[in-house]
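Engineer:
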Amino acid sequence: MSTAAVVAGNLRKRYGELAAVDGVSLDVGAGEFFGLLGPNGAGKTTTLELIEGLRQPDEGSARVLGLPSWPRNPALAARIGVQLQTSAFFERLTAAEQLRAFAKLYRVPEPAARADELLELFGLTSRAGVLVERLSGGEAQRLSIACALVHDPEVVFLDEPTAGLDPQARRNLWDLLREINAAGRTVVLTTHYIEEAEILCDRVAIIDHGRIVECDTPEKLIRKVEAVARITVGAGQLDPELLRKRFPDAVVTEDDTELVIASSDPGPVLAELADHHALHDLTMRGATLEDAFLALTGREYRS
81 MSTAAVVAGN
91 LRKRYGELAA
101 VDGVSLDVGA
111 GEFFGLLGPN
121 GAGKTTTLEL
131 IEGLRQPDEG
141 SARVLGLPSW
151 PRNPALAARI
161 GVQLQTSAFF
171 ERLTAAEQLR
181 AFAKLYRVPE
191 PAARADELLE
201 LFGLTSRAGV
211 LVERLSGGEA
221 QRLSIACALV
231 HDPEVVFLDE
241 PTAGLDPQAR
251 RNLWDLLREI
261 NAAGRTVVLT
271 THYIEEAEIL
281 CDRVAIIDHG
291 RIVECDTPEK
301 LIRKVEAVAR
311 ITVGAGQLDP
321 ELLRKRFPDA
331 VVTEDDTELV
341 IASSDPGPVL
351 AELADHHALH
361 DLTMRGATLE
371 DAFLALTGRE
381 YRS
């Protein structure tokens, strides 16, 4: 891996009895697309804020581009871009005016031209004159990321950038995030969407209860549980509790349409299904990043 863009060592942050971040250490290579994957409340946002220098760690330290992120360093702030989980825009400004304002704050040459460039890149040219409060959720997310890029930062931090978006808007944003990374920027992203981490990230750190459970490429994480098979049948054919008792090492989930059994020994499961004539619409596939999460954390993924 090339020179590290981000290095965090033994970061800790407590809020009363809650250990929001509990000894997190990680490194991100220059030009890498790195993901922090975990359920809501796992410590992703607090970890990112400690690395960005938005919060003071109780213990440990973080360096970005070789510079300490705490105490806050104006020289570092000019080299990183930050998109917060909740977008905060100036009131009563249009999309174009927002970008121009951010460009002026960062002393970007020709702020109007830079704003127009980003509006085109993010597909917002037709919305340039629209007040930000009238933008759709997807448009507001794209504008938020554009504001984080207005000064052409070397490292971009994105906190749940696709949260709350519909599937099509999410995939459109994925394309933009790929372009941001392909342009040579280091991207650090938090997400609770397993598919998002698997598709976008070069490496993924699985975080839960404030700790890094495992960190590797999606492919290597999946290979660690490659013996797991996911068997899917129509919902209502079998009692999930019965299957959990019959196969305690398997993970059984059910929603309104399907029942899924993740097992490292699928033969007996298939035999059980056949005995109960529960093979309607059966499908079977290999391990996924979700299976890696199940195996590494020992419980079902919470979105």
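Each number in this note's numbering comes from the position in the sequence shown (counting from 1) with 80 added on.
Quick reminder that beta carbons are idealized off the backbone N, C-alpha and C, glycines included.
#1: For Cys295, name the three-state secondary structure that DSSP assigns.
#2: Going by C-alpha distance, which of Ala309, Phe202, Val293 and Val268 is nearest Gln163?
#3: Grouping DSSP H, G and I as helix and E and B as strand, with all else coil, what is Ala330?
#4: For Ala342 and Arg310, which I take to be in contact (beta-carbon distance under 8 Å), what is that distance rounded to the nearest angstrom?
#5: Is it the case that the CB of Gly161 approaches a heavy atom of the ligand MN more closely than 7 Å?
#6: Between the Cα of Ser167 and the Cα atoms of Thr363, Asp138, Ser224 and Arg159, which residue gives the shortest distance?
#7: Exposed or buried, which one is Ala372 when buried takes at least 16 other CB atoms within 10 Å?
#8: Taking 8 Å as the threshold (C-beta atoms), are Glu334 and Ala315 in contact?
#9: Buried or exposed: Ser216, going by 16 or more other Cβ atoms within 10 Å of its Cβ?
#10: Specify the secondary structure class of Leu223 as computed by DSSP and reduced to three states.
#11: Would you call the region 220 to 239 and the region 253 to 268 touching, i.e. three or more CB-CB distances under 8 Å?
#12: Starting from Leu89, follow the beta strand (DSSP E) in both directions and report where the run begins and ends.
#13: Hey, could you find the ends of the beta strand (DSSP E) Phe114 is sitting in?
#14: Between Arg143 and Val230, what straight-line distance do the alpha-carbon atoms span, to the nearest angstrom?
#15: Below 8 Å on the Cβ atoms is my contact criterion, and I expect Ile274 with Leu117 to pass it. Report the Cβ-Cβ distance as a whole number of Å.
#16: At which residue ranges does the region 148 to 205 contain complete beta strand (DSSP E) runs of 3 or more residues, listed in the order of the chain?
Structural biologist: On the basis of the coordinates in this document:
#1: Position 215 of the sequence shown holds residue 295. Cys295 falls in the strand class under three-state DSSP.
#2: As a working note, residue 163 is residue 83 in the sequence shown. Closest by alpha carbon: Val268.
#3: Translated into the one-based positions of the sequence shown, residue 330 becomes position 250. Ala330 falls in the coil class under three-state DSSP.
#4: Within the sequence shown, residue 342 is the residue found at index 262, counting from 1. Within the sequence shown, residue 310 is the residue found at index 230, counting from 1. That belief holds up - the Cβ atoms of Ala342 and Arg310 are roughly 5 Å apart, short of 8 Å.
#5: Summarising the ligand content, the structure contains no ligands, and the ligand MN is consequently not present.
#6: Taking the first residue of the sequence shown as 1, we reach residue 167 at position 87. Of the listed residues, the one whose Cα sits closest to Ser167 is Ser224.
#7: Sequence index remark: in the sequence shown, residue 372 carries index 292 (1-based). It is buried - the Cβ of Ala372 has at least 16 other Cβ atoms within 10 Å.
#8: Along the sequence shown, read from residue 1 onward, the residue named residue 315 stands at position 235. Along the sequence shown, read from residue 1 onward, the residue named residue 334 stands at position 254. Contact: yes.
#9: Residue 216 sits at position 136 when you count from the first residue of the sequence shown. That one is exposed.
#10: To locate residue 223, count along the sequence shown from 1; it is residue 143. If DSSP states are grouped into helix, strand and coil, Leu223 belongs with the helices.
#11: Counting Cβ pairs under 8 Å, three or more are found: they touch.
#12: Counting from one through the sequence shown, the residue named residue 89 turns up at place 9. It should be noted that the sequence gives Gly, not Leu, for residue 89. That run of the beta strand (DSSP E) goes Ala84 to Tyr95.
#13: Within the sequence shown, numbered from 1, the residue matching residue 114 stands at position 34. Phe113 to Leu117 is the span of the beta strand (DSSP E), which, as asked, contains Phe114.
#14: The sequence position of residue 143 within the sequence shown is 63, counting from 1. The sequence position of residue 230 within the sequence shown is 150, counting from 1. Distance between the alpha carbons of Arg143 and Val230: 22 Å.
#15: Numbered from its first residue, the sequence shown carries residue 274 at position 194. Numbered from its first residue, the sequence shown carries residue 117 at position 37. Indeed, because the Cβ distance is near 7 Å, the residues count as touching under 8 Å.
#16: 160 to 163
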